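Here UniProt numbering is used: the first residue of the sequence shown is 1, the next is one more, and so on. We put the beta carbon where it would ideally sit given N, CA and C, even for glycine. If you're wondering where the values come from, they're calculated on a predicted model, not measured in any experiment. Below is one structure, written out as structure tokens, with a few remarks after it.
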Amino acid sequence: MNAVWIAVVAISLLGLIFGLILGYASRRFAVEDDPVVEKIDALLPQSQCGQCGYPGCRPYAEAVGTQGEKINCCAPGGEAVMLKIAELLNVDPQPTDGDAQEAEPARMLAVIDEANCIGCTKCIQACPVDAIVGATRAMHTVMSDLCTGCNLCVAPCPT
């Protein structure tokens, strides 16, 4: 029984020592974030859709803040987000979706083909904004007011 208590105390002390080392290292080697990138990231809708050409909102914010990327690439945020970013960076507003020069880009929406849906839930797992609801082996539904049209649910769908 004595050996058990020695092991418990030894592991507890090791945990405490390693915790203190990690705590010190996290403060000593902390990397300061760019406040402009943080502000841009806070303005973006955080849908992580990839329509801007970046894998998520944070990489796009870093590209806009540090690399001079265009501010009009966020389709889910639209003109409202572009205007806020332009105001933050003190640059001229650009037309939304600068390549197409459309006044209002067409809104995309995911659609589930009820005849072919097998209820595998892969689309639910892929949706970054939880716009698809359903259960395993049951019909799924897209909540149109939440769907950003990112098409991330299309690739994993087996049907």
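At the level of alpha carbons, what is the spacing between residue i and residue j?
i: GLN94; j: CYS73; result: 10 Å
i: ASN116; j: ASP130; result: 21 Å
i: VAL31; j: ALA25; result: 11 Å
i: ALA86; j: ASP145; result: 27 Å
i: LEU14; j: ARG27; result: 20 Å
i: CYS49; j: CYS147; result: 10 Å
i: ILE6; j: PHE29; result: 34 Å
i: ASN2; j: VAL8; result: 10 Å
i: LYS84; j: ASP92; result: 11 Å
i: ASN90; j: LYS70; result: 13 Å
i: LEU20; j: ALA155; result: 45 Å
i: LEU16; j: VAL4; result: 18 Å
i: GLY23; j: PRO45; result: 32 Å
Cutting at 6 Å between CB atoms, please list the residues of its own chain near residue i, excluding the five before and the five after it.
i: MET108; result: GLY149
i: ARG137; result: GLY119
i: ARG58; result: ASP41
i: TYR60; result: CYS52, TYR54
i: ASN151; result: none
Report yes if the C-beta distance between residue i and residue j is below 7 Å; otherwise report no.
i: ASP34; j: GLY68; result: no
i: GLN51; j: ALA75; result: yes
Looking only at its own chain, which residues have a Cβ that is under 7 Å from the Cβ of residue i, when we skip the five neighbours before and after it?
i: CYS153; result: ALA110, CYS123, ALA126, CYS127, ILE132
i: CYS157; result: LYS122, CYS123
i: GLU62; result: VAL37
i: CYS120; result: PRO158
i: GLY53; result: CYS73
Apart from the five residues just before and just after residue i, which ones in its own chain have a Cβ nearer than 8 Å to its Cβ?
i: ILE112; result: CYS123, ILE132, MET139, HIS140, THR141, VAL142
i: LEU88; result: VAL36, LYS39, ILE40, LEU43
i: GLY134; result: GLY119, THR121, ILE124, HIS140, THR141
i: GLY56; result: GLN48, GLY50
i: ILE11; result: none
i: MET82; result: ILE71, ASN72, CYS74, PRO93, GLN94, THR96
i: GLU114; result: MET139
Check your understanding: Enumerated in chain order, which unbroken segments of the alpha helix (DSSP H) with a length of 4 residues or greater are wholly contained in the stretch 1–88?
Key -> 2–28, 35–43, 57–67
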